[in-house]
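Below: the structure, in structure tokens.
4 protein chains.
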Amino acid sequence: MIHFECDYEEGCAPEVLQAFIRTNMEQTVGYGLDPYSLQAKQVIAELCGLTAGGQGEPLWREQETAGAVHFLVGGTQTNTVVINYLLRPHQGVIAADCGHINVHETGAIEHSGHKVLALPTEDGRLTAQQVQDALLQHLYDPNIEHTIQPGMVYLSFPTETGMIYSKKELEAISAVCRQYRVPLYIDGARLGYGLMSPQADITLKELASLCDLFYIGGTKQGALFGEALVICNPLYRKDFRYFIKQSGGMLAKGRLLGLQFLTLFTDDLYWRLSRHAVTQALRIRQALTDKGYPLSVDSHTNQQFTVFSNEQLERLERLFHFSVIERTDADHTAVRICTDWATTDENVTQLINAL
Amino acid sequence: MIHFECDYEEGCAPEVLQAFIRTNMEQTVGYGLDPYSLQAKQVIAELCGLTAGGQGEPLWREQETAGAVHFLVGGTQTNTVVINYLLRPHQGVIAADCGHINVHETGAIEHSGHKVLALPTEDGRLTAQQVQDALLQHLYDPNIEHTIQPGMVYLSFPTETGMIYSKKELEAISAVCRQYRVPLYIDGARLGYGLMSPQADITLKELASLCDLFYIGGTKQGALFGEALVICNPLYRKDFRYFIKQSGGMLAKGRLLGLQFLTLFTDDLYWRLSRHAVTQALRIRQALTDKGYPLSVDSHTNQQFTVFSNEQLERLERLFHFSVIERTDADHTAVRICTDWATTDENVTQLINAL
Amino acid sequence: MIHFECDYEEGCAPEVLQAFIRTNMEQTVGYGLDPYSLQAKQVIAELCGLTAGGQGEPLWREQETAGAVHFLVGGTQTNTVVINYLLRPHQGVIAADCGHINVHETGAIEHSGHKVLALPTEDGRLTAQQVQDALLQHLYDPNIEHTIQPGMVYLSFPTETGMIYSKKELEAISAVCRQYRVPLYIDGARLGYGLMSPQADITLKELASLCDLFYIGGTKQGALFGEALVICNPLYRKDFRYFIKQSGGMLAKGRLLGLQFLTLFTDDLYWRLSRHAVTQALRIRQALTDKGYPLSVDSHTNQQFTVFSNEQLERLERLFHFSVIERTDADHTAVRICTDWATTDENVTQLINAL
Amino acid sequence: MIHFECDYEEGCAPEVLQAFIRTNMEQTVGYGLDPYSLQAKQVIAELCGLTAGGQGEPLWREQETAGAVHFLVGGTQTNTVVINYLLRPHQGVIAADCGHINVHETGAIEHSGHKVLALPTEDGRLTAQQVQDALLQHLYDPNIEHTIQPGMVYLSFPTETGMIYSKKELEAISAVCRQYRVPLYIDGARLGYGLMSPQADITLKELASLCDLFYIGGTKQGALFGEALVICNPLYRKDFRYFIKQSGGMLAKGRLLGLQFLTLFTDDLYWRLSRHAVTQALRIRQALTDKGYPLSVDSHTNQQFTVFSNEQLERLERLFHFSVIERTDADHTAVRICTDWATTDENVTQLINAL
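Protein chains in written order, with my numbering: chain A, 3 to 357; chain B, 3 to 357; chain C, 3 to 357; chain D, 3 to 357.
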């Protein structure tokens, strides 16, 4: 069987595994204060442009980067810690209705006391207008104190269905957030697969300059596990480590996380792995189009969505695993086909031939 | 100015005031353990049919009623305590999207850690089918543990817009809840205004037999303040007082609540006050219809909803206050007109004449 | 039976009752925005010196007082809302180990997510040195982020056992709090009984100038129910009403609270009622001393503490109710004797004669 | 430098690393439902005696073991999830005052809404009498509902200072817990180092039969990271996975945890690693005693505690790192010396020679 159902089925990139092997018996201090973690934090801060202020960039670029990068084990944890950090008890988080925090984290946000203010979207992407409307609706509510105050905006890049925001769209959302002084946080569980899409017109640095916090996904992108949270806006750095520890997110052997991200951001490994997955996904996309399968979502990242007839699905499932989204009618099923950093050329060729 | 904007603008029914005057200098123990509270609890338990099991009634009817009735100060508090009591941390509450807990309690439910699983409704009323669909959708979710488990159902009688459920509709919802073993809780902030509606085909006892918990609103119904929570199902009585105290809802001078409800449920005062308000509301409803104003909601309880042109509204607002719902277009405004136990015949006549 | 076990057994001062009677059928807007509440807030702000900045007073004295006073229904609710407002999720509240929030509020503080950092005390009073030590211990903890950050200081005036802080003691604690920038909050459930003690050397204004927030107890001091929260430091006023609503603490008929406090602070009623209770308590204290009963606590406020032999207790309990603290040994019982604004001269005389 | 300050400074046991290498490119489903995890759960359930009921064992032994074992990433997370699962909102957890949950988890327990009911201890060990007294004190509290209800007991084996409970002591605590129907949970972050102590008179199976839940620590015991939670009592298995996911504790690549524990419990690796660490620690203990250094704690597990003079410490710190506990006086410092599964014979010999 060849698996295409998700992007976290293999272990880690061989380079990452080598790093574990190489350092296994070293002794380092715990909780992310080891040399590997410190170096990885510095490398990531630089890649995100947090160390040298440039023209037109927010003031905080020129400030120090201490506390700008943290490593956490997983995505739900990262989202929960960030949102719990940013919001006051009377505030909620604006998100797309299909956003991961709204549907697939067992109410982790509500468990920490906050409402998800879900806005309807067509393809998982919020618009600047929507965000502004939601903010204004609250401000002009005659019973303002009886309703939740929007306290931040959460979006995913790419979204749950593999869509990405254009630079212009992000700039517009960012502008609204800054005008109304609500922080903008970007969930980048598949950030590399978004930025390496041929459709992406934004760089890591630009993305970092448009939001207050975001995370660079590792789990789905070549690490064994782990996410790198980047706190661009220094306003949100104070006391952050308390929140990580309180949530059970501070790994005792913190170096495991630092080491992985250091490896991933050496010699562009992260980007090469990302580009590979996207290339394979686009091969599948092309084949789907060529052979007349519908594209349920116009994704140019590592997730592709189509609809199979029962007959097609039954035939394909003898060799391949997909993620079933839903039965669209008695005869058809919508599926997701995922690639990742480890997807082989050969397996994709087999799938294409079988389609 | 004559006020019709809400149903909590006056103090309390004269009989309730007299009770305060009569007992003011008495000394009683605190926290709801005084004789007035105990007597009021007994009276309400009997009215709700909790003391003598009848044919076809749930088994628990035959059990004792200790802990079956509690008095709390307000509605948001009552809702929060009940929901926090019923749900486990991984569970949420099914409610209409316009339900009070979803929109007008500043996220009190989420603050206590639980997601409101809001379902869309036309007029604020859930259907049994909707509830069942929501329960089944969760049960068949392939990522079941990544989503919130529906742990109870919340509905309002009447709804936020004055609509009431028929006995048959409540029976259907109740049956679904019992089938899937999720408790049903009814918010009765305006319970009397619902049960005394000419459209109501259900009694207090019947309502009590169909749900697990409900509250009898006092604040909007003749009390100075206070709500009487009735826990029909003995499963949900253990340790309940801890939750009231923890939420800051245990009034030191608990007798103030007992005394009020004892008075309200003496000589049918509660029902007479309720009927009075509904009668006045229906006079307004009739006048609106007669004079060609639209009824935005088909309510037969104490809240009436219509639309005024700017000209009409401007003229009426010289004498009367209404609650503005929204500007429906540049020339029209949707408003709510409320009566309550204290609304005078004369004020309503004035309004009718002015329409 | 004559009751001396607590200070919330009667209704309210006759003047307060008259105010309810006088205004019962008036129509006012809800949620504390009515004229009575607004006026009461203004009166209290002025009494606390929040309107005109004086020499040596903190800068914020000169600022406006909007949002400086709020009315809540009860003490547990007030404490929970304030502490939840002030603390961030990784912070805890420093309090005496016998503080009300640590022992008698069913973990309301923890329920809202915060640890009570309880310090041992002899008589319920914290010292400035203790507070400073606790703050420094955290700052120098090598695992600082693994421990709760002290985020505020809570103290009671008077304490649970009727003790009061001297002006000098409060100044010292206040100075430490300001040096380390942690807000100081004073629980004044029995504030009048403290300030009217002959031992008190501090005024309401002085107390207000030394802390960031405090509340003036009504429930135990002549109101039917209610507490007046004073937010001296404008830093802690923003969005406060959201927190009241979210906690279920925003009374629909808010004027009931405003009206009571307006009455209590007209013609010094609050202070006269307070002084009366203290006078009666000190008569009991004197009698206890004269007749050789031990004073378990050296209280000069409305609560007196002594120890009775079994024989004495049995005899006295035929006529009087006390609060039992504990059996100190097989033959003795420690009790609390409370007076309040309603305690009559005659009842106290009877008790004294019976001792 | 040779490090003795903690037991999580190296990576993982070579066998565990080999398992990662061997399986790295395999594709498996996520979230702990892969074959490695399932197998590891089965192995651990059997080792704990959960599969075959024996004489005198609790009834639940005979039941199935589905849901009996879960893998989580770290200790704080495991403690928080378990305690949040077991307690209702009005309940707290009884623990030693120096228990990890009370002092070193940044208030994670309180953040999830629960009070830690800390009892004073001499060496971190609770006694059955203490637990019973705490339970009875609550039951006989006249204001019972105003105080937190003890809902479970937490203890560590070994304690924070390396002490272990005898079988008899655990039996006594277990009996009290069962009598009062409060679950008993054992934090086994260093379980192997406790069970492999020559002083231990209890087996894994016996420990499992005496408590309701416990966890087998991996992070400090040869795994790269991870803890194995064992839910002995089936009452506490329902819906557990929701809680893991909600807390951000459900690792996407769940097999990483299963694989490690499967390896650790193959060929007694876990026990051999544990015994090794204890043996090295006891060599140090012997040397300390022989050379006249005091033992601050009478530990026979992998943590040793002594006091060095400034001169001694300064000399030793040129070659070795210890954990500083506190300056006991101007001239002395209390330190902790840790061994773990990776501590070499040679390094210990060097330390002994240097003492």
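Just so you know, even glycine gets a beta-carbon here, dropped at the ideal spot from N, CA and C.
Please read these numbers as outputs of a predicted model, since none were measured by experiment.
Would you say residue i and residue j are within 8 Å of each other, going by their C-beta atoms?
i: Gly-190 of chain B; j: Tyr-217 of chain B; result: yes
i: Ala-70 of chain B; j: Ile-233 of chain B; result: yes
i: Ala-174 of chain B; j: Ala-130 of chain B; result: yes
i: Leu-259 of chain B; j: Phe-22 of chain B; result: no
i: Leu-121 of chain B; j: Asp-99 of chain B; result: yes
i: Cys-213 of chain C; j: Tyr-244 of chain C; result: no
i: Leu-89 of chain A; j: Gly-153 of chain A; result: yes
i: Gly-251 of chain A; j: Val-75 of chain A; result: yes
i: Arg-320 of chain A; j: Gln-306 of chain A; result: no
i: Met-3 of chain B; j: Ala-344 of chain C; result: no
i: Ala-42 of chain D; j: Phe-242 of chain D; result: no
i: Glu-112 of chain C; j: Lys-117 of chain D; result: yes
i: Ser-325 of chain D; j: Glu-124 of chain D; result: no
i: Arg-257 of chain B; j: Tyr-10 of chain B; result: no
i: Leu-290 of chain B; j: Leu-357 of chain B; result: yes
Is residue i close to the ligand SAM? I mean its beta-carbon at under 7 Å from any heavy atom of the ligand.
i: Gln-29 of chain B; result: No copy of the ligand SAM occurs in the structure displayed, which carries no ligand at all.
Let's test the definition: count the other Cβ atoms within 10 Å of the Cβ of residue i and tell me whether it reaches 16, buried, or not, exposed.
i: Thr-330 of chain B; result: exposed
i: Lys-255 of chain B; result: buried
i: Pro-185 of chain A; result: buried
i: Trp-62 of chain C; result: Summary for Trp-62 of chain C: the model assigns pLDDT 43, below 50, so the residue's position carries little reliability, and this model does not support an answer.
i: Pro-91 of chain A; result: buried
i: Glu-358 of chain B; result: A question about residue 358 of chain B goes unanswered here, because the residues of chain B that appear run from 3 up to 357.
i: Leu-297 of chain A; result: exposed
i: Gly-51 of chain A; result: buried
i: Glu-12 of chain A; result: buried
i: Gln-139 of chain B; result: exposed
i: Thr-351 of chain B; result: exposed
i: Glu-162 of chain C; result: buried
i: Asp-347 of chain A; result: exposed
i: Gln-57 of chain A; result: Confidence at Gln-57 of chain A is low in this model, with a pLDDT of 43, below 50, so its placement is unreliable and the value that follows should be read with caution. Gln-57 of chain A comes out exposed.
i: Ser-249 of chain C; result: buried
i: Asp-342 of chain B; result: buried
Going by DSSP, what residue range makes up the beta strand (DSSP E) through residue i?
i: Asp-331 of chain D; result: 325-331
i: His-334 of chain A; result: 334-340
i: Ala-120 of chain D; result: 118-121
i: Thr-308 of chain D; result: 305-311
i: Asp-135 of chain D; result: No beta strand (DSSP E) contains Asp-135 of chain D, which is instead part of the alpha helix (DSSP H) from 130-141.
i: Ile-233 of chain B; result: 229-233
i: Phe-159 of chain C; result: Phe-159 of chain C -> no beta strand (DSSP E), and no H or E assigned at all.
Could you check where the alpha helix (DSSP H) with residue i kicks off and where it finishes?
i: Ser-298 of chain B; result: No alpha helix (DSSP H) holds Ser-298 of chain B; DSSP gives it neither H nor E.
i: Val-280 of chain C; result: 271-292
i: Leu-88 of chain D; result: 77-88
i: Tyr-196 of chain A; result: According to the sequence as given, residue 196 of chain A is Gly; it is not Tyr. Its alpha helix (DSSP H) spans residues 193-197.
Between residue i and residue j, which are expected to be in contact by the criterion C-beta below 8 Å, what is the C-beta distance as a whole number of angstroms?
i: Tyr-156 of chain C; j: Ile-103 of chain C; result: 6 Å
i: Tyr-87 of chain B; j: Tyr-238 of chain B; result: 7 Å
**Study point:** Inter-stretch contact at 8 Å, needing at least 3 Cβ pairs: the stretch 223-232 of chain B / the stretch 11-23 of chain B
**Key:** yes
Review point. If we count Cβ pairs, one from each stretch, closer than 8 Å, do we get three or more for the stretch 196-204 of chain C versus the stretch 275-295 of chain C?
Key: yes
Check your understanding: Taking Cβ-Cβ distances below 7 Å as the criterion, which residues of the stretch 247-265 of chain C are in contact with chain E?
Key -> The structure shown contains no chain E; its protein chains are A, B, C and D.
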